[in-house]
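Position one of the sequence shown corresponds to residue 14 (UniProt numbering), numbered consecutively onward.
Note that beta-carbon positions come from the ideal geometry of N, C-alpha and C, so glycine has one too.
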Amino acid sequence: APLVMEGIGKAGHAEGTQALAWLELQVERGEFLTLLGPSGAGKSVAIELVAGFLQPEAGRILIKGERQARLPPWRRDIGLVLEQPDLFPEMDVLSNAAFPLEARGMGRAEREERAAAMLERWGIPPALARLRPAALSPARQMRVAMARATVHAPALLLLDDPFRALDGAERESLAADLARLRQALGWTVLHAARDPVLASVLSDRMVVLQGGRAHQTGTPQALYENP
Ligand code: ADP
Ligand code: ADP
């Protein structure tokens with residue numbers, strides 16, 4: 014499986030609290046799994062653990078059967094998008110999208126060709142390639158962040174509520190593109206969200222987190238039939 018989390022525990026900020034009390038999770042190849050829950054449920058901590066920004070106090074995390082290497086996320090087999098696009102402000106749109114390929118040592122012509130193709134899949138036209146991210150709308154910046162996170166065909170795409178800051182129409186169109194592209198390209202996704210409606214549309218399976226534990230797990234249909 015692209016991702017296995019076994020018996021994960023992580024202490025919280027305040028003494029005696031648990032950000033994650035116990036989390037056992039497996040994401041299968043090609044699966045879209047959402048961690049659903051209110052603010053403070055532990056979703057971001059779970060994503061940050063998988064991204065390697067945090068280390069678990071208990072348990073282990075395997076990506077494609079291996080423990081995470083001590084490499085920056087760019088160099089590992091993941092893609093990551095958080096609530097904000099976090100693009101490199103000094104790099105143009107195309108260079109942002111090509112960055113994970115550059116970090117892998119791919120030559121300029123090939124990486125720019127691949128990045129341009131991925132940007133187009135995400136709805137960013139070639140005319141915007143040489144602009145700085147700040148010249149684009151927030152919704153388009155998020156699309157560039159999605160292209161950057163997927164350009165290297167990662168084994169695992171991590172999404173920490175990238176829809177949250179977008180308005181209704183932008184959110185729906187980005188979600189529709191994500192649903193279409195992940196089917197077409199076979200991505201495996203771990204997504205964190207608070208909005209159960211959007212998550213239900215996107216997900217094969219959802220894990221409802223509450224107080225750092227998996228409270229319920231199932232397909233969106235099963236969870237809605239037995240809430
Ligand atoms: P969510 O993403 O579901 O809103 P978080 O994962 O951000 O929730 O937070 C879950 C709990 O873990 C909160 O009590 C929070 O204070 C705590 N927490 C958040 N970040 C960290 C961290 N880096 N280290 C330890 N505890 C954290
Ligand atoms: P640092 O601040 O320690 O230099 P990084 O350079 O690794 O951190 O990452 C800076 C930001 O870039 C992160 O906060 C994250 O939003 C984004 N990022 C990191 N790794 C990836 C990745 N693999 N894919 C997409 N975005 C990433």
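Query                                                                                                                : Result
Delimiting residues of the alpha helix (DSSP H) encompassing I60                                                     : K56 to A64
Span of the beta strand (DSSP E), counted from its first residue to its last, around E219                            : For clarity, residue 219 is Met in the given sequence; the question names Glu instead. Segment R218 to Q223, the beta strand (DSSP E) holding M219.
Neighbourhood of G43 by C-beta distance below 8 Å, restricted to the same chain and skipping five residues each side : G199, W200 and T201
Contact set for A168: own chain, Cβ-Cβ below 6 Å, skip 5 residues either direction                                   : P15, K77 and D90
Buried versus exposed, by CB contacts within 10 Å (16 or more), W135                                                 : buried
Sub-9 Å separation of A110 and L93 beta-carbons                                                                      : no
Closer than 8 Å: H26 CB and nearest ligand 1 heavy atom                                                              : yes
Boundaries of the beta strand (DSSP E) in which E28 is found, first to last residue                                  : No beta strand (DSSP E) holds E28; DSSP gives it neither H nor E.
Closest Cα partner of V210 within the set R83, M155, P233 and D105                                                   : P233
Contact test: G22 Cβ vs ligand 1 heavy atom, cutoff 8 Å                                                              : no
Range of the contiguous alpha helix (DSSP H) that encloses V210                                                      : P209 to L215
Near ligand 1: P209 beta-carbon under 8 Å from a heavy atom                                                          : no
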